[in-house]
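**Student:** Numbering (the numbering used here), first residue to last: 12 to 285.
Where a beta carbon is used, it is the ideal one built from N, C-alpha and C, also for glycine.
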Amino acid sequence: MYRTTAPVSRPGAPATTLGLAGVVRAVGVPDGRLDDEFSLRHFTDLTAGHDVALRPDLLAAGTTFTALTRALHEQLEPLAGPVDVAIIAHATPDLDCRSAAATYLSEALPNGPLSFSVSDVGVCAPFAAIRLARDYAARHGYRRALVVIADQATLPYDVADRPAGDAGVALLLEAGATPLALVHRTGVAGRDLRAVLASVLPEFLTDGPTTVVVGSGVDPDVLPDGIGAVRSARAGYPCTALWDGLADSPTRALLVEHDPVTGDLGVASVGGTP
Numbered sequence: 012m013y014r015t016t017a018p019v020s021r022p023g024a025p026a027t028t029l030g031l032a033g034v035v036r037a038v039g040v041p042d043g044r045l046d047d048e049f050s051l052r053h054f055t056d057l058t059a060g061h062d063v064a065l066r067p068d069l070l071a072a073g074t075t076f077t078a079l080t081r082a083l084h085e086q087l088e089p090l091a092g093p094v095d096v097a098i099i100a101h102a103t104p105d106l107d108c109r110s111a112a113a114t115y116l117s118e119a120l121p122n123g124p125l126s127f128s129v130s131d132v133g134v135c136a137p138f139a140a141i142r143l144a145r146d147y148a149a150r151h152g153y154r155r156a157l158v159v160i161a162d163q164a165t166l167p168y169d170v171a172d173r174p175a176g177d178a179g180v181a182l183l184l185e186a187g188a189t190p191l192a193l194v195h196r197t198g199v200a201g202r203d204l205r206a207v208l209a210s211v212l213p214e215f216l217t218d219g220p221t222t223v224v225v226g227s228g229v230d231p232d233v234l235p236d237g238i239g240a241v242r243s244a245r246a247g248y249p250c251t252a253l254w255d256g257l258a259d260s261p262t263r264a265l266l267v268e269h270d271p272v273t274g275d276l277g278v279a280s281v282g283g284t285p
């Protein structure tokens, strides 16, 4: 049993603001299958009673979040110092429930940092993970955090928006790194999205023009006028698509995502004034 406690203040710990120190990405290389006896029984039980039919034809090879996390971790090494907290962010379920990426990180990283997953906020899971990492840093004086964003497409049942593939992005957060401003709100209905963005986005645009990237839950037409050039993240990668471009150019970007099912809204600005 692993338990994650709230980021309660540690007496005497200096407040810390984490910025973006590094971004790496990885594509999935299948390391597991879902057609073994355990997986068949697991998914049969999982789908029963939920009006969802198991699709044996989709029990194919896939990539676990552990494999994606290991590949990302290897790219980040050697780290400049110990990671204080590590968080896995995802919207799709992991390939195999017997494998846990958070457990891998708690063993693979020095000093066994606090490691856990965030998933029940849909495509805004990365925003929630960054917010939690920064909350822990601010209250405990943490200097370094790792956020791993993961997608995987092997789902042996019908889903409305099937992911296009397996991919991972790792964000290394450190004190004093490239400024990273972030807002994560809950309870934002689709009908209110235009008005909420009109009130939120101006505070992220005080440093002049920037690249604006919107996720699958945001129609560019709902953005305020005059915001500048806008592009949509590639389709089919619910959590990673918005973030993988930072591996090429992490200096100046504004990322916007909304999950119409959960009502979560995420806005992140990389570079500029923190």
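Helix, strand or coil: which one does DSSP assign to N122?
**Tutor:** Note: N122 maps to coil in three-state DSSP.
**Student:** Please classify E48 as buried or exposed, where buried requires at least 16 other C-beta atoms within 10 Å of its C-beta.
**Tutor:** Exposed, since its Cβ has fewer than 16 Cβ neighbours within 10 Å.
**Student:** Would you call the stretch 91 to 98 in contact with the stretch 48 to 68, where contact means no fewer than 3 C-beta pairs closer than 8 Å?
**Tutor:** Result no; under three Cβ-Cβ pairs closer than 8 Å.
**Student:** I'd like the span of the beta strand (DSSP E) that includes R196, first residue to last.
**Tutor:** Element bounds for R196: L191 to R196.
**Student:** Going by beta carbon distance, what residues of the same chain come within less than 8 Å of A140, once the five residues before and after it are set aside?
**Tutor:** Cβ within range, chain order: I98, I99, A100, V129, V158 and I160.
**Student:** Counting C-beta neighbours from all protein chains within 10 Å, is the total for V63 16 or more, i.e. buried, or is it exposed?
**Tutor:** The residue is exposed, with fewer than 16 neighbouring Cβ atoms inside 10 Å.
**Student:** How big is the Cα-Cα spacing for G282 and L57?
**Tutor:** Roughly 43 Å between the two C-alpha positions.
**Student:** Pick helix, strand or coil for E214, following the three-state DSSP scheme.
**Tutor:** The answer is helix: DSSP assigns E214 an H, G or I state.
**Student:** What is the DSSP secondary structure of Y153, counted as helix, strand or coil?
**Tutor:** Y153 falls in the coil class under three-state DSSP.
**Student:** Of the residues D107, G33, R52 and V35, which one's Cα is nearest the Cα of D42?
**Tutor:** Of D107, G33, R52 and V35, the residue nearest in Cα terms is D107.
**Student:** Go ahead and pull the three-state DSSP assignment for H61.
**Tutor:** Looking at H61 - three-state DSSP - the assignment turns out to be coil, as it is neither helix nor strand.
**Student:** What's the C-alpha gap between G179 and T80?
**Tutor:** Distance between the alpha carbons of G179 and T80 is about 7 Å.
**Student:** Answer yes or no: do A72 and R44 have a C-beta to C-beta separation smaller than 7 Å?
**Tutor:** Yes, they are a contact pair.
**Student:** Rounded to whole angstroms, what is the Cα-Cα separation between V35 and A188?
**Tutor:** Whole-angstrom Cα-Cα distance: 16 Å.
**Student:** Label Q163 either buried or exposed according to how many other C-beta atoms from any shown protein chain fall within 10 Å of its C-beta, with 16 as the threshold for buried.
**Tutor:** It is buried - the Cβ of Q163 has at least 16 other Cβ atoms within 10 Å.
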